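Sequential numbering from 1 applies to the sequence shown in full-length UniProt numbering. Where is the CB? At the ideal position from N, CA and C, for every residue including glycine. Note that the structure is a prediction, hence the values are computed from the model and not measured. Okay, so here's the structure we're looking at.
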Amino acid sequence: MKSSLEDTLLAAIRTIPDYPRPGILFRDITTLLGNARAFRRAIDELVHPYAGLKIDKIAGIEARGFILGGAVAHQLSAGFVPIRKKGKLPYETVRVAYSLEYGLDEMEMHKDGVSPGEKVIVVDDLIATGGTAEAAVKLLRQIGADIVAACFVIDLPDLGGRQKLEALDVPVRTLIGYEGH
């Protein structure tokens, strides 16, 4: 039997078959975001292990990580730094390339978004293959951030993303997992 947290979150997340292409089960958290009780519960659970710690910044990965990360930053009284796709930020940036299924992409952040030694938590909605989250960790470390953890609402464990981050010595916190994604 699933816990009350799992029941609440699973009931609030919509699954869309064959999106963005056949064979994919897309886990849509917009329904969770629109459900005040589920949204509050998810944020509270993401924040809980870090309450009382000195966290300097929350780094949210575009785009759903902005929504979740902003709420987590507020709860932890931390600053927020967006990690975006290349070309979306107006000031001087640092950048990292990462692999996609069919090629490369780049993500960036403002070069002054995090100072060396600041304690940072990376936040996004879902960890699948881990490529984007791994790139975010490398980007933050490139400018000297101390990565405390990476937090996600959803884990697709069969795709190995958690292991990629743990191999970089980044603790991973997820709230629910979908076997067989």
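For ALA97, the uninterrupted beta strand (DSSP E) run begins and ends at 93-100, by DSSP.
Spanning the alpha carbons of THR93 and LYS86 requires a straight line of approximately 9 Å.
In this chain, ASP158 is not harboured by any alpha helix (DSSP H), its DSSP state being neither H nor E. Residues of the same chain with a CB within less than 6 Å of the CB of ARG41, apart from the 5 flanking positions on each side, are THR8 in chain order.
Runs of the alpha helix (DSSP H) lying entirely within the UniProt domain "Phosphoribosyltransferase" (37-157), each at least 4 residues long, are 64-76 and 131-142 in chain order.
Between the alpha carbons of VAL153 and GLU6 lies a distance of about 10 Å. In the three-state DSSP reduction, ASP18 falls in the coil class, being neither helix nor strand. CA-to-CA, the gap between ARG95 and VAL137 works out to about 12 Å. Collapsing the DSSP output to three states places ASP28 in a strand. Counting C-beta pairs closer than 8 Å gives fewer than three between the region 97-109 and the region 65-74, which falls short of the contact rule. Between the alpha carbons of ILE121 and ARG173 lies a gap of roughly 10 Å. Counting along the chain, no alpha helix (DSSP H) covers LEU175; the unbroken beta strand (DSSP E) around it starts and ends at 172-177. Around the beta carbon of TYR50, 16 or more other beta carbons lie within 10 angstroms, which makes this residue buried.
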